[in-house]
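S.K.: Let me give you the structure first, and then I'll get to my questions.
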Amino acid sequence: MRFPVRLKAVLAVALLTMVAGFGAPPAQAAPARAAAQVLNWTADGDITRYKSVTTTAVAGAATIVFENSAATGNTTGMPHTLTFDTSTEGYNHDVNLNLLASPFDPTGGLQTATVTLTPGKYRFFCSMPGHSAMVGELTVTDGGGPADTTPPAVTGSAAGTRDGAGNYVGSATVTVTATDTGSGVDTVEYQIDDTGFEPYTNPVVVTALGDHSVQFRATDHAGNTSAVGSVQFRVVEPEPDEDVTPPTVTAQLAGDRDGDGNYIGTATATLTATDSESGVARVEYSLDGAAFTAYGNPVVISSVGMHMLHYRATDVAGNTSAEQMAHFVIVAPQTADTTAPTVTAQITGDRDGSGNFVGTATATLTATDSESGVARVEYSLDGAAFTAYGNPVVISSVGNHTLRYRATDVAGNTSAQQTSSFVVVAPRTPDTTPPTVTATVAGDRDTNGAYVGVATVRVTATDSESAVTSVEYAVDGGAWTAYTAPVVVRATGAHTVKFRATDAAGNKSAEEAVTFTIVASGSDECPGGDTRATVVIGGSDTKVPNKETGNGCTINDLVDENGSYADHAAFVRHVESVTAPLVTGGTLTKRQQGDIVRAAARSDIGS
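In this note's numbering, the protein residues as written are 34 to 640.
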């Protein structure tokens with residue numbers, strides 16, 4: 034058969050592999066250039082694929098742009114999501130992204146988000162029911178190391194049936210491959226016979242008869258563009274009746290599906306190939322990355338999970354179709370629901386010292402069912418008929434009450450009847466009396482009554498009516514702080530600790546105070562010590578206050594960053610050992626100790 038003289042691009046399933054190399058790991062964070070990444074996805078009215086996707090990126094900050102609008106071809110108002118997988122094994126799970134876009138949303142279908150990517154692979158998909166074929170992978174390479182100034186390496190090759198003179202018969206397929214060992218390949222472009230560069234996404238089939246030059250180039254994520262390469266060839270007309278057209282092959286998936294479009298229990302894949310010239314010789318398929326296998330009968334897949342089916346066909350003349358792909362998910366069948374819901378009641382309200390509810394009690398019923406779901410919840414108060422539960426039930430009549438309740442699920446299973454009993458009493462007179470609050474100071478004292486090294490302040494509050502709800506203290510004019518444990522004061526000098534309490538009725542006590550003086554214990558073991566305001570190690574400010582430890586030494590003095598150590602590890606162990614007693618004694622919190630030890634580990638002291 035003869036082909037008209039025309040030029041066309043034919044999609045092939047063989048995807049361009051953009052190999053991004055891995056540089057040396059960064060010393061601290063990802064390079065600043067990663068923050069400028071803008072990664073784009075688009076969708077239209079099709080529910081089987083995204084219109085365009087991003088497949089490679091560099092580790093670090095990135096702006097995700099997802100557009101599903103009239104401008105991208107969505108004329109039906111079909112909503113889509115761009116969702117990153119956080120559960121499937123083999124992928125990164127550190128980005129929680131779920132962008133929903135529709136031409137009719139307030140932004141006109143344009144959604145953005147800022148994320149931080151790490152090296153590895155991310156799986157993205159559309160979470161709308163029935164859209165499970167919209168899926169792909171984003172490969173993220175390590176963007177560390179020095180700035181990338183080297184352009185990608187790009188090559189091109191032509192393939193097809195050739196005559197004795199080396200000419201391509203009927204058509205030539207040009208495949209372009211780009212690699213970049215620095216920041217990774219960003220874009221690949223090509224042009225045929227100087228017609229203008231355009232994005233390369235799949236191998237290009239040239240059918241126009243005559244001499245051709247296909248030029249190509251690639252740009253990496255750092256903005257470096259390669260020199261233009263080219264491949265030259267000639268396409269000649271095939272002999273009459275010569276078959277150079279590959280078969281057409283399709284796949285049909287069948288099986289019971291749930292509301293999300295997943296197949297329940299099994300999915301059956303039926304492959305169909307046709308060839309109007311020399312006829313189909315064989316059909317092959319590959320399931321989940323396995324080797325291609327000859328297709329004979331429909332393929333039944335029963336393993337639960339996500340699956341990728343690749344397939345192709347070859348005719349008698351040796352022409353092989355472009356590889357096609359079908360994506361689907363199989364979920365386990367649901368067993369019959371024979372389990373009743375779980376239902377609980379929570380009774381809330383103001384209570385007196387005997388546990389009775391004062392004035393009113395509110396009953397909130399909660400039912401859960403992990404299988405078919407809750408259909409209804411019912412209750413009965415004080416022997417009345419069961420009533421459908423909708424909102425929390427308020428009981429204000431004084432006296433003893435019994436609340437019975439139950440729940441029924443969609444499968445018709447009803448829980449056992451539960452019961453809660455309680456008493457409602459008349460409201461009391463308003464509480465207008467504030468709590469009584471006192472404080473004591475304890476610790477070793479010298480002959481002048483000063484506390485040596487440390488003083489501990491204990492605050493006690495009582496309220497005979499509505500009960501104490503909060504106790505607060507403030508040290509030396511500082512901010513008021515909730516009192517939860519005795520307050521330990523170690524700084525030498527005169528101190529004033531104020532305290533107050535509030536009851537459930539909102540009455541606040543008058544501010545009280547205790548005053549005392551703390552003197553240092555023992556002699557000054559660190560004369561001329563390090564008195565910087567915060568703990569600093571190797572030039573790194575931990576922001577932890579550089580407190581006096583009670584013997585004239587500060588925390589910086591104990592760290593002793595200018596000391597002599599066998600190696601860096603010995604210095605880190607030294608810092609751990611001198612800060613541990615400070616945590617036990619209350620000078621440092623465990624978190625502050627961790628900040629100090631991490632600063633020591635980051636330093637090069639002892640190296």
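We treat Cβ as the ideally placed atom computed from N, Cα and C, and that holds for glycine.
Quantities reported herein were computed from a predicted structural model and do not represent experimental measurements.
Quickly, what does DSSP pair G338 with across the bridge? List them, please.
M.R.: Numbered from its first residue, the sequence shown carries residue 338 at position 305. Beta-bridge pairing links G338 to I363.
S.K.: By how many angstroms is the C-alpha of V522 removed from the C-alpha of Y484?
M.R.: Within the sequence shown, the letter at position 451 stands for residue 484. Within the sequence shown, the letter at position 489 stands for residue 522. For Y484 and V522, the distance between alpha carbons rounds to 10 Å.
S.K.: What do you reckon, are the CB atoms on T620 and K576 nearer than 8 Å?
M.R.: Numbered from its first residue, the sequence shown carries residue 620 at position 587. Numbered from its first residue, the sequence shown carries residue 576 at position 543. Taking 8 Å as the Cβ cut-off, T620 and K576 do not qualify as a contacting pair.
S.K.: Pull up the distance between the alpha-carbon of L615 and that of I588, whole angstroms please.
M.R.: Residue mapping note: residue 615 aligns to position 582 of the sequence shown, counting from 1. Residue mapping note: residue 588 aligns to position 555 of the sequence shown, counting from 1. Taking the straight line from one Cα to the other gives about 9 Å.
S.K.: What are the boundary residues of the alpha helix (DSSP H) that L615 is part of?
M.R.: One-based indexing of the sequence shown puts residue 615 at position 582. Where L615 is concerned, the enclosing alpha helix (DSSP H) stretches over H601 to T617.
S.K.: Assuming contact is defined by CB atoms lying nearer than 8 Å, are V128 and T96 in contact in what I supplied?
M.R.: By one-based count along the sequence shown, residue 128 stands at place 95. By one-based count along the sequence shown, residue 96 stands at place 63. Contact flag unset, no.
S.K.: Would you mind sorting D227 into buried or exposed? The rule is 16 or more other CB atoms within 10 Å of its CB.
M.R.: The residue labelled residue 227 in the question sits at position 194 within the sequence shown. Under this definition D227 is an exposed residue.
S.K.: Would a C-beta distance cut-off of 8 Å place H343 and A166 closer than the cut-off?
M.R.: To locate residue 343, count along the sequence shown from 1; it is residue 310. To locate residue 166, count along the sequence shown from 1; it is residue 133. Contact: no.
S.K.: Hey, is the stretch 434-441 in contact with the stretch 393-403, meaning 3+ C-beta pairs nearer than 8 Å?
M.R.: Yes, the stretch 434-441 touches the stretch 393-403.
S.K.: Sort H254, P273, A90 and N200 by Cα distance to T149 and report the nearest one.
M.R.: Reading the sequence shown from its first residue, position 116 is the one you call residue 149. Nearest option by C-alpha distance: A90.
S.K.: Quick one: give me the first and last residue of the alpha helix (DSSP H) that G627 is part of.
M.R.: As a working mapping, residue 627 is identified with position 594 in the sequence shown. Run containing G627: K623 to R635, per the alpha helix (DSSP H) assignment.
S.K.: With distances taken Cα to Cα, identify the nearest neighbour of H126 among V608, D219 and F117.
M.R.: Position 93 of the sequence shown, counting from 1, holds the residue named residue 126. The option with the nearest alpha carbon to H126 is F117.
S.K.: In the DSSP assignment, find the beta strand (DSSP E) that holds V247 and state where it starts and stops.
M.R.: For the purposes of this step, residue 247 is taken as the residue at position 214 of the sequence shown. It spans G243 to D253 - the beta strand (DSSP E) in which V247 sits, taken as one unbroken run.
S.K.: Using alpha carbons as the reference points, say which of N389, A440, D383 and N295 lies closest to G406.
M.R.: By one-based count along the sequence shown, residue 406 stands at place 373. Closest option to G406, Cα to Cα, is A440.
S.K.: Could you give the distance in angstroms between the alpha-carbon of V237 and the alpha-carbon of A346?
M.R.: The residue given as residue 237 occupies position 204 in the sequence shown. The residue given as residue 346 occupies position 313 in the sequence shown. Cα to Cα, the separation comes out at about 19 Å.
S.K.: Beta-carbon separation of S573 and V470 under 8 Å?
M.R.: Within the sequence shown, numbered from 1, the residue matching residue 573 stands at position 540. Within the sequence shown, numbered from 1, the residue matching residue 470 stands at position 437. No, the Cβ-Cβ distance between S573 and V470 is not below 8 Å.
S.K.: Is the stretch 251-266 touching the stretch 202-219, taking contact as three or more C-beta pairs under 8 Å?
M.R.: Yes: the two stretches touch, three or more of their Cβ pairs being nearer than 8 Å.
S.K.: Going by DSSP in three states, A483 sits in which element: helix, strand or coil?
M.R.: For the purposes of this step, residue 483 is taken as residue 450 along the sequence shown, with counting starting at 1. Note: A483 maps to coil in three-state DSSP.
S.K.: With a CB to CB cut of under 7 Å and the five nearest residues on each side skipped, what residues in its chain are close to Q450?
M.R.: As a working mapping, residue 450 is identified with position 417 in the sequence shown. Within the same chain, Q450 has close Cβ partners R437 and R439.
S.K.: Does the beta-carbon of L130, which I'm using as the reference point, lie nearer than 7 Å to any heavy atom of the ligand FAD?
M.R.: Inclusion of the ligand FAD in the displayed structure is not the case, the ligand content being empty and no account of it being possible.
S.K.: Among residues of its own chain, excluding the 5 on either side of S160, which ones have a beta-carbon nearer than 6 Å to its beta-carbon?
M.R.: Within the sequence shown, the letter at position 127 stands for residue 160. These residues qualify, in order along the chain: T114 and T116.
S.K.: Rounded to whole angstroms, what is the Cα-Cα separation between G416 and F390?
M.R.: For the purposes of this step, residue 416 is taken as residue 383 along the sequence shown, with counting starting at 1. For the purposes of this step, residue 390 is taken as residue 357 along the sequence shown, with counting starting at 1. Roughly 20 Å separates the two Cα atoms.
S.K.: Are the CB atoms of V209 and V221 within a distance shorter than 8 Å?
M.R.: Taking the sequence shown and counting its residues from 1, one reaches residue 221 at position 188. Taking the sequence shown and counting its residues from 1, one reaches residue 209 at position 176. In this structure, V209 lies closer than 8 Å to V221 by Cβ.
S.K.: Pick helix, strand or coil for T299, following the three-state DSSP scheme.
M.R.: Taking the sequence shown and counting its residues from 1, the one referred to as residue 299 is at position 266. Note: T299 maps to coil in three-state DSSP.
S.K.: Quick one: what's E411 bridged to in DSSP?
M.R.: Taking the first residue of the sequence shown as position 1, residue 411 is located at position 378. BP columns for E411 point to A421 and R439.
S.K.: Is it buried or exposed for S429, if we count other Cβ within 10 angstroms and need 16 for buried?
M.R.: For the purposes of this step, residue 429 is taken as the residue at position 396 of the sequence shown. Its Cβ having fewer than 16 others within 10 Å, S429 is exposed.
S.K.: On the three-state DSSP scale, how would you describe N21?
M.R.: Within the shown structure, residues of the chain are numbered from 34 to 640, placing residue 21 beyond reach of any answer.
S.K.: Should E100 be labelled buried (16 or more other beta-carbon atoms within 10 Å of its own) or exposed?
M.R.: Taking the sequence shown and counting its residues from 1, the one referred to as residue 100 is at position 67. Flag for E100 reads buried.
S.K.: How big is the Cα-Cα spacing for V426 and A500?
M.R.: Position 393 of the sequence shown holds residue 426. Position 467 of the sequence shown holds residue 500. The alpha-carbon atoms of V426 and A500 are separated by roughly 26 Å.
S.K.: Do the stretch 586-604 and the stretch 626-640 make contact, defined as three or more Cβ pairs closer than 8 Å?
M.R.: Result yes; three or more Cβ-Cβ pairs closer than 8 Å.
S.K.: Following the continuous beta strand (DSSP E) through N73, name the residue where it begins and the one where it ends.
M.R.: Reading the sequence shown from its first residue, position 40 is the one you call residue 73. Taken as a continuous stretch (DSSP letters only), the beta strand (DSSP E) holding N73 covers Q70 to T75.
S.K.: With a CB to CB cut of under 8 Å and the five nearest residues on each side skipped, what residues in its chain are close to E544?
M.R.: Locating residue 544 in the sequence shown gives position 511, counting from the first residue. Once the five neighbours on either side are set aside, the close Cβ partners of E544 are K531, F532 and R533.
S.K.: Output the boundary residues of the alpha helix (DSSP H) element that contains I652.
M.R.: The chain is shown from 34 up to 640; residue 652 falls before or after that span and cannot be answered.
S.K.: Could you round the C-beta distance between V277 and N352 to whole angstroms and report it? I think they count as a contact, below 8 Å.
M.R.: The residue labelled residue 277 in the question sits at position 244 within the sequence shown. The residue labelled residue 352 in the question sits at position 319 within the sequence shown. Right, the Cβ-Cβ distance comes to about 6 Å (below 8 Å), so this counts as a contact.
S.K.: Classify P232 as buried or exposed, calling it buried when 16 or more other Cβ atoms lie within 10 Å of its own Cβ.
M.R.: One-based indexing of the sequence shown puts residue 232 at position 199. Its Cβ having fewer than 16 others within 10 Å, P232 is exposed.
S.K.: With a threshold of 16 other CB atoms inside 10 Å of the CB of N295, please say whether the residue is buried or exposed.
M.R.: Looking up residue 295 in the sequence shown gives position 262. With 16 or more Cβ atoms within 10 Å of its Cβ, N295 is classed as buried.
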